[in-house]
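**Student:** With full-length UniProt numbering applied, the sequence shown corresponds to residues 1 to 284, in that order.
Beta carbons are placed, not taken as given, at the ideal position from N, Cα and C, and that holds for glycine.
Before anything else, here's the structure in question.
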Amino acid sequence: MATLAHPTVIASLLLLVALFLYWYGTRGFADLKKLNVPGPKPIPFLGNFLELRKYNGIYQMHLAFLKRYGKVFTICLGGRPSLVVADPELLKQIMVKDFPNFRNRFQFQKLANKTLAQNVGSSRDDKWKRIRNTLTPTFSAGKLKLMVPLMEKLCDTLLEKLEKIADSGELYFENNFALLSFTDQSVDMLDWFSKMTLEVILATAFGVDAKIQMGENSEILQEAKKLFHVPFFLRQMARLPFGNSLLRLFLVLNGNDVNYFERIGREMLHIRRQQGQTNRKDRH
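What follows is the structure, encoded as structure tokens:
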């Protein structure tokens, strides 16, 4: 014990711990030197994460780096380096001819639900290829054309709601512009479009007439909002050490039920199987 308490031993242990932490925090940056591509210098563990504070979102940061480093540059949000490509011809090469080499995507959050994790966005390599080949016929021109009437019907529902609001306003002119004045009604267009989008997905993918725009099945809408309304900062934290654990903790504290959509999906499949063949022009 006396030997361990010696200042030299303590200093050596601290040095080893510091070297290990530095190696662990920069191990993902080794490939950057091999690429020989310009980009901002990353710091251990965080990479260029702190630079997000200088810009209003990652899009603005990409634009700034595009002007500074050119059409191809590297960036590190956390410990994982990324290659940003803004050259249209090179993107065409990546997304078309060489796409099999770039099919795996970065996962911001590793899904805890094993069933939901089997989606085309989370799957990798041969599993992704099998799912993609299964889904591709669903999006043929013929099948998409058959689904257009379902989409048009739901768009008409949204237009009818907007017409009711428009009819309640008064038209007046100001500075050669025609404006509508509403005394007691306001419209959250993002919310209305979100309802229509979710209803289109349920109608075309699952063959379910959810009537969400008319105020029914609001629980599905609320759970979907919880799923997508995760702050951008927290999504980016998934790149940091233990970031996925912090993100899952946030979802739990936010009241997200990770198994909700699996239950809904199984229930929809059960209903469709009971109904058998129908005349609905959806993906099934």
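1. Nearest-angstrom Cα distance between Leu227 and Leu14?
2. When the Cα of Leu66 is compared with those of Leu50, Leu83, Phe250, which residue comes out closest?
3. Could you check the C-alpha separation between Cys155 and Lys143 for me, to the nearest Å?
4. Taking the C-alpha atoms as reference points, what is the distance between Pro44 and Cys76?
5. Count the other CB atoms within 10 Å of the CB of Thr271; is the residue buried (16 or more) or exposed (fewer)?
6. Have a look at Arg89 and Arg68 and give me their C-alpha separation to the nearest angstrom.
7. Just the C-alpha distance for Arg266 and Leu135, rounded to the nearest angstrom, thanks.
8. Using three-state DSSP, classify Val37 as helix, strand or coil.
9. From what residue to what residue does the alpha helix (DSSP H) around residue 309 run?
10. Could you tell me which of Thr204, Gly207, Ala205, Leu198 sits nearest to Gln222, measuring between CA atoms?
11. From Lys118 to Gln213, what distance separates their C-alpha atoms?
12. For Gly25, which residues in the same chain have their Cβ closer than 7 Å to its Cβ, ignoring the five residues on either side in sequence?
13. For Asn259, which of Leu246, Ile220, Arg273 has the nearest alpha-carbon?
14. Curious, which full-length alpha helix (DSSP H) runs of at least 4 residues does the stretch 181–214 contain?
**Tutor:** This is what the structure holds:
1. 43 Å
2. Leu83
3. 19 Å
4. 10 Å
5. For the sequence presented, residue 271 should be read as Ile rather than Thr. The residue is exposed, with fewer than 16 neighbouring Cβ atoms inside 10 Å.
6. Note on residue identity: the sequence assigns Glu, not Arg, to residue 89. About 20 Å.
7. 18 Å
8. coil
9. Given a span of 1 to 284 for the chain in the structure shown, any question on residue 309 remains unanswerable.
10. Leu198
11. Here residue 118 is Gln; the residue named in the question, Lys, does not match the sequence. Between Gln118 and Gln213, the C-alpha separation is close to 29 Å.
12. Pro44, Phe45, Gly79
13. Ile220
14. 189–205
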